[in-house]
Structure formats: structure tokens, C-alpha cells
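To start, the structure under review is shown below, and the notes come after it.
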Amino acid sequence: MHVQIKGMHCSSCVNSLTTIINDISGVDNLKINLDSGSAVIEGSPDKEDCKKFYRVSRL
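All the letters of the sequence shown, read from the start, carry residue numbers 0 to 58 under numbering that gives the first Met the number 0.
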């Protein structure tokens, strides 16, 4: 799954998002790119947890 993340400006943002996304059940691998403001999430993440992440990523 490829996700665009608005408002990610620093390595601290990347660290926070890494912690949040890795806590989603079913996430097997995560790659966050600060320069492109995106994340690639591999696995079969729980749909409800992904919805929560989506709402947070749009703040």
C-alpha cells in the first residue's frame, strides 16, 4: 500500500509515524520517505486501524 503523508517535515515526524504504523496489526514492513512525503506499507494491515491512520495522516 502506498500512502501520501501531508505535513511530514522532519526526522522526528518519520520516527513518530514509524512507531504508529508499526503498531498496526498486520504490518510486515514499512518504508517512509521524508523527501517524497510517502510511505510504503507491506503486509495485510487491519482495515479499521488503517482508517485511524488515514484520519491522523490528514491532520
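Even for Gly, the Cβ is constructed at its ideal location relative to N, Cα and C.
If you draw a 10 Å sphere on the C-beta of Val26, you find 16 or more other C-beta atoms in it, and that means buried. Annotated three-state conformation of Lys30 is strand, per DSSP. At the C-beta level, Met0 and Gly36 stay beyond 7 Å of one another. In the DSSP secondary-structure assignment, Val39 is bridged to His1, Lys30. A straight line joining the alpha-carbon of Gln3 with that of Lys50 spans about 14 Å. Cβ-Cβ distances below 7 Å link Ile31 to Val13, Leu16, Thr17, Ala38 in the same chain, with the five nearest sequence neighbours on each side left out; the list follows chain order.
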